[in-house]
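**Student:**
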Amino acid sequence: MAESGKAGHTGPSGGGEEKSLKDKGNELFKAGNYLKAAALYTQAIKLDPSNPALYSNRAAAFLQLVKLNKALADAETTIKLNPQWEKGYFRKGCVLEAMEKYEDALAAFQTALQYNPQSAEVSRKIKRLGQLQKEKQRAQEVETLRSNIDMAKHLDDLKSEMSEKYGTEACWEEMFSFLVSTMEAAVKSWHETSKVDPRVFFLLDKEKTQTDKYAPAVNIDKAFESPHTHGNCFAFLRQYSEESFSKAACLITPKSIISYPQVWKGQGSRKWKLGQNDGFFVQFESPSVRKLWFIPSSKEKGQTLCRDPQTLDISAHEILPRIFKETPNNS
């Protein structure tokens, strides 16, 4: 932001006409008429091209008009004409701040402070710039988190449990990558639209499944309307998993649509600490391993951001009962 149009009276005076043009320009600046103010400063500069105060004032007007390159050029000229005057560095800092070049702006304000250590205005700018730098850095971090989704790193415990239960790597690795890709697709959808469709995804058997009859995903948007719809949905999914020869399944559902079963509203060990958070559930089903996570979501820097998945106790909080018939270890 530019301060008042009145700049320091440093540098030679170009006589009465120049002074009157500058004063008129300052009045227009104070009245918010930056275009006319800039025009008067330009006239004054023609009469007195070596007066740094005129370039400083015009830089302030150009900044208000968001003519940032012109404002920066005038700030640089102010510094060149009087390198000891803090106002040129202050103007430069304000323009660089508007350009969101916070590091360069900070350097300019720090130079201004060297020439005028008493300036509260410059000190305020330095404090504000430090805050803006932090905010910009955090916004970049949020963007990085949103674009670099890596669910596998949160599932190390599951990986070791699967290798224990299923023995051969080929057997469990397909299930693991199926779960990771399903979770990552859901997170991407949530980041882009702040929602996910309630579905159960199935890992179909490439050799046995009749793919013309069984799709890899089933919509379950009515499943949580009542105990009746919930029971019907579960019975259908269990039959579907058997007839399609699925190896595993992954349920994705937003918390917002679940009116039944609200098991996390229980007390004691069943009480759920993420009750206030928006987000969605991921329930993994296979014959030997069952897992449940909640992926909380928040708004940060104007962006929707999924947080790390939180493991829930499936025996207390399951969204659907067991889909696959339990089998002993398949090692």
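Just so we're aligned, residue 818 is where the sequence shown starts under the numbering used here, counting upward by one. From the three backbone atoms N, C-alpha and C, an ideal C-beta is built for every residue, glycine too.
Roughly how many whole angstroms lie between the Cα atoms of S936 and T928?
**Tutor:** The straight-line gap from Cα to Cα measures roughly 12 Å.
**Student:** Report back the beta-carbon spacing between M979 and V1106 to the nearest angstrom; my notes put them in contact at under 8 Å.
**Tutor:** 6 Å
**Student:** What runs of the beta strand (DSSP E), each 3 residues or longer, lie entirely inside the segment 897-963?
**Tutor:** Listed in chain order, nothing qualifies, since the segment 897-963 has no complete beta strand (DSSP E) run of 3 or more residues.
**Student:** Who are the Cβ neighbours of Q950 in its own chain at under 8 Å, not counting the five residues just before and after it?
**Tutor:** Y919, E920, L923
**Student:** Cutting at 8 Å between CB atoms, please list the residues of its own chain near I1131, excluding the five before and the five after it.
**Tutor:** Q1100, R1107, K1108, L1109
**Student:** Taking the alpha helix (DSSP H) that G1096 falls in, what are its first and last residues?
**Tutor:** Unbroken run through G1096 is the beta strand (DSSP E), 1095-1102; no alpha helix (DSSP H).
**Student:** What are the boundary residues of the alpha helix (DSSP H) that P1044 is part of?
**Tutor:** DSSP places P1044 in the uninterrupted alpha helix (DSSP H) bounded by 1044-1060.
**Student:** Measure how close the beta-carbons of L838 and L857 come, nearest whole angstrom, since I'm counting them as under 8 Å.
**Tutor:** At roughly 5 Å, the Cβ-Cβ gap stays under 8 Å, so L838 and L857 are in contact.
**Student:** Between which two residues does the beta strand (DSSP E) carrying S1114 extend?
**Tutor:** First-last of the beta strand (DSSP E) with S1114: 1107-1117.
**Student:** On a Cα-Cα basis, can you pick out the residue from R1055, L1091, L1122 that is closest to F1141?
**Tutor:** R1055
**Student:** Counting beta carbon pairs with one atom in the segment 969-986 and one in the segment 1112-1121, are three or more of them shorter than 8 Å?
**Tutor:** no
**Student:** Assign A888 to one of two classes, buried (16 or more other C-beta atoms within 10 Å of its C-beta) or exposed (fewer than that).
**Tutor:** buried
**Student:** Hey, could you find the ends of the beta strand (DSSP E) A787 is sitting in?
**Tutor:** Lying before the first or after the last residue shown, residue 787 is absent from the chain, which here runs from 818 to 1148.
**Student:** Would DSSP call I862 helix, strand or coil?
**Tutor:** Three-state result, I862: helix.
**Student:** Give every residue of the same chain whose Cβ lies closer than 7 Å to the Cβ of L871, excluding the five residues on either side of it in the sequence, and list them in chain order.
**Tutor:** Answer for L871: K839, Y858, A861, I862, D865, listed in chain order.
**Student:** Taking Cβ positions, are I1069 and M1000 nearer each other than 9 Å?
**Tutor:** yes
**Student:** Less than 8 Å separating the Cβ of K1025 from some heavy atom of the ligand PLP?
**Tutor:** Of the ligands one can find in the structure shown there are none, so the ligand PLP has no counterpart to examine.
**Student:** I'd like to know if the segment 993-1011 and the segment 952-970 are in contact, where contact means that at least 3 CB-CB pairs between them fall below 8 Å.
**Tutor:** yes
**Student:** Can you give me the Cβ contacts of A956 inside the same chain, cut-off strictly under 6 Å, excluding the 5 residues immediately before and after it?
**Tutor:** K1118
**Student:** Could you have a look at S1132 and say whether DSSP puts it in helix, strand or coil?
**Tutor:** helix
**Student:** Can you find the residues in the same chain that come closer than 8 Å, C-beta to C-beta, to G1048, ignoring five residues on each side of it along the sequence?
**Tutor:** none
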